[in-house]
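Counting from 2, one number per residue, gives the positions in the sequence shown under my numbering.
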Amino acid sequence: MPGSPHQTARRVEIDGLRAVAILAVIVNHLNAALLPSGYVGVDVFFVISGYVITRSLEQRHPAENRGAFLAAFYRRRIQRLVPALAACVLVTGLLSCLVIPDPTASLWTGLLALAGASNLFLHQQATDYFGASGQLNSFTQTWFLGVDYQFYLIFPLAAWQLGLGRAGGAGRRRFRLAMALVAALSLILFLQMRQVDASAAYFLTGPRVWELAAGCLLGATREDPQLDPARWVLQGRLAWGAFLVLAGVILAPQNDSAIPLLISVAATCALIQTLRERSLLGRLLTCPPVLRIGRISYSLYLWHWSVIVLSRWTIGIHAWSVPFQLLLILGLAELSYRTIETPFGSRPWAPGNRQSILIGIGINAATAALLLLLISGGLSQHLYAGQRPATLSEERQKQRIAGTTITSSACLIDRNDVLDPVQIEAMAKTCSIGPGPLGAAEGRTLFVVGDSHAAALIPLAAELHREGAGITLLAKAGCPFPATAFGHLDPGCERFQQEVAARILLAGRRGDAVLIAGYQLSHLGSGLPASRDGFLDRSGQPVQGSEAKLALYKEALEAFSDRAGASDLRVILLGAGPRLIGRDTCLPEWFRPARWNELCLESLREDDRSTRMINAQLSRNLPGDVRFIDPMVWICPKGCSLDGLKWQLADDDHLTAAAVRRLKQPVLEALLQTKKTPEQAPGRAD
2 MPGSPHQTAR
12 RVEIDGLRAV
22 AILAVIVNHL
32 NAALLPSGYV
42 GVDVFFVISG
52 YVITRSLEQR
62 HPAENRGAFL
72 AAFYRRRIQR
82 LVPALAACVL
92 VTGLLSCLVI
102 PDPTASLWTG
112 LLALAGASNL
122 FLHQQATDYF
132 GASGQLNSFT
142 QTWFLGVDYQ
152 FYLIFPLAAW
162 QLGLGRAGGA
172 GRRRFRLAMA
182 LVAALSLILF
192 LQMRQVDASA
202 AYFLTGPRVW
212 ELAAGCLLGA
222 TREDPQLDPA
232 RWVLQGRLAW
242 GAFLVLAGVI
252 LAPQNDSAIP
262 LLISVAATCA
272 LIQTLRERSL
282 LGRLLTCPPV
292 LRIGRISYSL
302 YLWHWSVIVL
312 SRWTIGIHAW
322 SVPFQLLLIL
332 GLAELSYRTI
342 ETPFGSRPWA
352 PGNRQSILIG
362 IGINAATAAL
372 LLLLISGGLS
382 QHLYAGQRPA
392 TLSEERQKQR
402 IAGTTITSSA
412 CLIDRNDVLD
422 PVQIEAMAKT
432 CSIGPGPLGA
442 AEGRTLFVVG
452 DSHAAALIPL
462 AAELHREGAG
472 ITLLAKAGCP
482 FPATAFGHLD
492 PGCERFQQEV
502 AARILLAGRR
512 GDAVLIAGYQ
522 LSHLGSGLPA
532 SRDGFLDRSG
542 QPVQGSEAKL
552 ALYKEALEAF
562 SDRAGASDLR
572 VILLGAGPRL
582 IGRDTCLPEW
592 FRPARWNELC
602 LESLREDDRS
612 TRMINAQLSR
622 NLPGDVRFID
632 PMVWICPKGC
642 SLDGLKWQLA
652 DDDHLTAAAV
662 RRLKQPVLEA
672 LLQTKKTPEQ
682 APGRAD
């Protein structure tokens, strides 16, 4: 790992290699467009870590017994890694509470990082390191430490049992054979997992062990310090070749295949084997500035992400800000190295190794307790220094109809859940309430169907129920309604569409209506952020292109409206609502001036244009008995603004309770009218 400790004579040229790796990672994290493959720097660290730790274990004192050996190993690891990590987690966690409206996910990640388990949490949360959830989590970078911790929890015991460093050449051979087998099995697992679960292949230890094992295998290989001149020249050329290959991978455009990782690991192994301090390349990698960056690489790895993420939540990352952000990263890393890493890692904390280990566990436990204090009772959210916007988790609490069992938790099923007809029947009973006292709704029933955007309409449904309307709400995340002619990419969605349609047509009465809501920009858009190609064509392939999707969807609407019309049911289609990609980091605060973030303003303008374009296309040439409602007319009549979206959106695209209630008038009118009539805008300013 970055800057791992060891007992052997230090190969300073490897510190230079660490510098190359950490600089590649930092540039990639600051702006992936500048160095799209810079992420392979992490793979370089894995190989270096395996090599350095193995060399350290091989050259330990052979008279040590197993208990003393393990205690000494874990003591060194804890002293070197825990204090700097605890300090970074605590400081970054507190700062995150000040600028992140809901830092719960970040705090849990940081807390579990202290236990070496943040990679498991990030995988369980299905985090995309390069997506919004990963980019805005204050501790996403600690997944690397999780893999490292978990591997070295077992590795020293395995090395002892195999006889590394205490059974001469036989022990070394057994160790190399075992590491080769582990590396091969892990690599096979990695390649297979990439096809079925990319998150697991990225975050979990099993698919990553091959990189560490490659370094371990190299560390157990004998090196000949006395090379003849011919071999010296050859090694120098090989080192340059490996370095240029590694540099080529780092500088290359992003490649989603496994090839860049395989090449970077092979090149790193070749570099470690052939690189020598006295060679030209070795002298370049050991010049004082490069060497210093390598020495502080662990602290750089921790703090660079803190600065980058907190910048994303505040002033943003711009050409003018990057020099200051780099200086801050360097300053914090240097401070951590001088005041924490060096003094805490240089000598034992207590007379015995076990006592030092207990002290390290105590430091972690105390830091974890402080984070738990921030998480529990919502204390972290009370520390927020700005005006807290609506959040999806809070809005979900409002998605309920009082006095009924209609809630989003009961009536919105997960995209991965597949319900059979009996379960859907039970869901329909739970998520239905008959007409109330006779009011403006005249005792009619409104069936609300669609994806999670339909569930967001529950506060609107509650308003209509107070007007006397009966309500049935059935929603499945990521699943548009109605079913298109040739099915959906998700078989569970297709089954849900069919069962819900049959249920509505069976239960609906004359004068009732079906309100269809969905993430229209995603389902029907093309080339837009978050676009999905879920509709299938005649050959069973995903339909691409907005025009083709719209045509297929309108055919589905017409087919469903014909069946609904036969039962005297009205169909109401809700168009696309406001959206702001990156909403959480775009809403203005005193520490996040809108004028500093032209990207957010452009994102707002682009999303507004896309929404209005989709709605214009969607409303054109609809079947005559389908009533279309454009949410933008009622929510953003004069155009959406960043300030307005603070209360209108719960996340990038889901409407808040306050926003959906503004749709009461057009939906109630549509429920009562038998024919499509021109909309009347409310005339209210945003």
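Ideal placement from N, C-alpha and C gives every residue a C-beta, glycine not left out.
Roughly how many whole angstroms lie between the Cα atoms of residue i and residue j?
{"i": "Tyr203", "j": "Pro438", "result": "56 Å"}
{"i": "Ala457", "j": "Gln255", "result": "37 Å"}
{"i": "Trp314", "j": "Glu559", "result": "45 Å"}
{"i": "Ala518", "j": "Ser604", "result": "23 Å"}
{"i": "Leu581", "j": "Asp534", "result": "20 Å"}
{"i": "Phe47", "j": "Ala159", "result": "18 Å"}
{"i": "Glu556", "j": "Trp591", "result": "49 Å"}
{"i": "Ala201", "j": "Gly566", "result": "48 Å"}
{"i": "Leu553", "j": "Ala486", "result": "7 Å"}
{"i": "Lys550", "j": "Leu465", "result": "32 Å"}
{"i": "Arg81", "j": "Ala386", "result": "34 Å"}
{"i": "Thr446", "j": "Ala514", "result": "7 Å"}
{"i": "Tyr153", "j": "Pro289", "result": "31 Å"}
{"i": "Gly541", "j": "Cys480", "result": "17 Å"}
{"i": "Phe497", "j": "Ser453", "result": "14 Å"}
{"i": "Ala88", "j": "Arg78", "result": "16 Å"}
{"i": "Gly451", "j": "Ala429", "result": "14 Å"}
{"i": "Pro102", "j": "Arg389", "result": "6 Å"}
{"i": "Phe176", "j": "Gly220", "result": "10 Å"}
{"i": "Leu165", "j": "Ala72", "result": "17 Å"}
{"i": "Arg685", "j": "Val634", "result": "Reliability of the predicted coordinates at Arg685 is poor, the pLDDT of 37 falling under 50, and no value is obtained from them."}
{"i": "Arg76", "j": "Ile341", "result": "16 Å"}
{"i": "Pro208", "j": "Met180", "result": "14 Å"}
Quick one: give me the first and last residue of the alpha helix (DSSP H) that residue i is part of.
{"i": "Arg313", "result": "298-313"}
{"i": "Thr93", "result": "67-100"}
{"i": "Leu588", "result": "Neither: Leu588 is in no alpha helix (DSSP H) and is coded neither H nor E."}
{"i": "Arg504", "result": "492-508"}
{"i": "Ile27", "result": "13-31"}
{"i": "Ala171", "result": "169-197"}
{"i": "Leu331", "result": "323-337"}
{"i": "Glu278", "result": "No alpha helix (DSSP H) contains Glu278, which DSSP labels as neither H nor E."}
{"i": "Asp44", "result": "42-59"}
{"i": "His383", "result": "380-383"}
{"i": "Lys665", "result": "665-673"}
{"i": "Trp211", "result": "210-220"}
{"i": "Leu623", "result": "Unbroken run through Leu623: none, as it is neither H nor E."}
{"i": "His466", "result": "459-467"}
{"i": "His124", "result": "119-125"}
{"i": "Ser107", "result": "105-115"}
{"i": "Phe145", "result": "144-163"}
DSSP beta-bridge partners for residue i?
{"i": "Ile517", "result": "Val450, Leu574"}
{"i": "Ala476", "result": "Leu413, Gly451"}
{"i": "Leu656", "result": "Leu650"}
{"i": "Thr408", "result": "Arg401"}
{"i": "His489", "result": "Phe536"}
{"i": "Ile434", "result": "Ile472"}
{"i": "Arg593", "result": "Glu590"}
{"i": "Leu543", "result": "Here the sequence assigns Pro to residue 543, which means Leu is not the residue at that position. Partner(s): Leu537."}
Taking the alpha carbon of residue i as the point to measure from, which residue in the options has its own alpha carbon closest?
{"i": "Glu548", "options": "Leu371, Asn598, Arg284, Leu619", "result": "Leu619"}
{"i": "Leu461", "options": "Ile189, Thr657, Gln80, Pro104", "result": "Thr657"}
{"i": "Gln674", "options": "Asp569, Ser453, Leu373, Gly640", "result": "Asp569"}
{"i": "Thr206", "options": "Leu188, Cys89, Pro543, Ile27", "result": "Leu188"}
{"i": "Pro422", "options": "Glu500, Pro352, Leu380, Gly353", "result": "Glu500"}
{"i": "Thr143", "options": "Ile341, Leu165, Thr110", "result": "Thr110"}
{"i": "Ala114", "options": "Asn365, Asp585, Asn417, Arg663", "result": "Asn365"}
{"i": "Ala427", "options": "Val45, Thr406, Ala253, Ile318", "result": "Thr406"}
{"i": "Thr431", "options": "Leu311, Leu475, Ala442", "result": "Leu475"}
{"i": "Trp648", "options": "Leu218, Leu600, Glu396, Gly147", "result": "Glu396"}
{"i": "Trp211", "options": "Asp198, Ser357, Tyr52, Ala651", "result": "Tyr52"}
{"i": "Ala85", "options": "Trp597, Tyr302, Gly404, Ser381", "result": "Tyr302"}
{"i": "Asp654", "options": "Asn598, Pro530, Arg662, Val668", "result": "Pro530"}
Any heavy atom of the ligand MN closer than 7 Å to the Cβ of residue i?
{"i": "Ala215", "result": "Ligands displayed in this structure: none; no statement on the ligand MN is therefore possible."}
What residues in its chain sit with their C-beta under 8 Å from that of residue i, if we drop five residues either side in the sequence?
{"i": "Ala106", "result": "Gln126, Ser134, Asn138"}
{"i": "Pro37", "result": "Asn29, Ala253, Pro254, Gln255"}
Can you give me the Cβ contacts of residue i inside the same chain, cut-off strictly under 6 Å, excluding the 5 residues immediately before and after it?
{"i": "Ala215", "result": "Val48, Ala184, Val266, Cys270"}
{"i": "Leu91", "result": "Thr368"}
Which residue marks the beginning of the beta strand (DSSP E) containing residue i, and which one marks its end?
{"i": "Phe536", "result": "Taken as a continuous stretch (DSSP letters only), Phe536 belongs to no beta strand (DSSP E), as it is neither H nor E."}
{"i": "Val627", "result": "627-630"}
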